[in-house]
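Working notes, structure below.
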Amino acid sequence: MLLLSKDDIKKGLVSLYAWEYDNKSIRKTYSFNAYTDGIKFVNEIAEIAEKNNHHPDLYIGWRKVTVAFTSHDLGGVTTKCVDLAISVENLFRSGNDS
3 MLLLSKDDIK
13 KGLVSLYAWE
23 YDNKSIRKTY
33 SFNAYTDGIK
43 FVNEIAEIAE
53 KNNHHPDLYI
63 GWRKVTVAFT
73 SHDLGGVTTK
83 CVDLAISVEN
93 LFRSGNDS
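This is the structure:
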């Protein structure tokens, strides 16, 4: 697993709505109708993270969850970070199609 350049990170984020590169991580804040919806989302992210052995930093607020991916070992963003951001984005979209 190698660190991505800033240009590669920008290319990776093109398909990810509202994801941002900030201080060696990529992040997005999601909004929910209820606090418990955010908690369910966090639990689903935890399952994805465990399966992939790549764990985001998660910040839980009132009806908001911020997800931040970085490689703690390498100190920056890798392809795995972008791939899992795509997985999280797909998870959110699938739960909010109604």
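Counting with the numbering used here, you get residues 3 to 100 for the letters of the sequence shown. Built from N, CA and C at the ideal position, the CB exists for glycine as well.
Asked: Please list the terminal residues of the continuous alpha helix (DSSP H) segment that includes D85.; Found: T81 to G97
Asked: Taking all protein chains shown into account, do 16 or more other C-beta atoms lie within 10 angstroms of the C-beta of Y61, making it buried, or fewer, making it exposed?; Found: exposed
Asked: Could you give the DSSP three-state label for V16: helix, strand or coil?; Found: coil
Asked: Of all the options M3, Y23, Y19 and S89, which has the alpha carbon lying nearest to the alpha carbon of D9?; Found: Y23
Asked: Please state whether DSSP places G63 in a helix, a strand or coil.; Found: strand
Asked: Could you tell me the alpha carbon to alpha carbon distance between N35 and F94, rounded to whole angstroms?; Found: 13 angstroms
Asked: Considering only the beta carbon of each residue, do V90 and P58 sit closer than 9 angstroms?; Found: yes
Asked: Do the stretch 28-44 and the stretch 64-82 meet, that is, are 3 or more Cβ pairs less than 8 angstroms apart?; Found: yes
Asked: At 4 residues or longer, and completely inside the stretch 23-66: list those alpha helix (DSSP H) runs for me, N to C.; Found: 37-54
Asked: Flag this pair as yes or no: are the beta carbons of T80 and L18 separated by less than 9 angstroms?; Found: no
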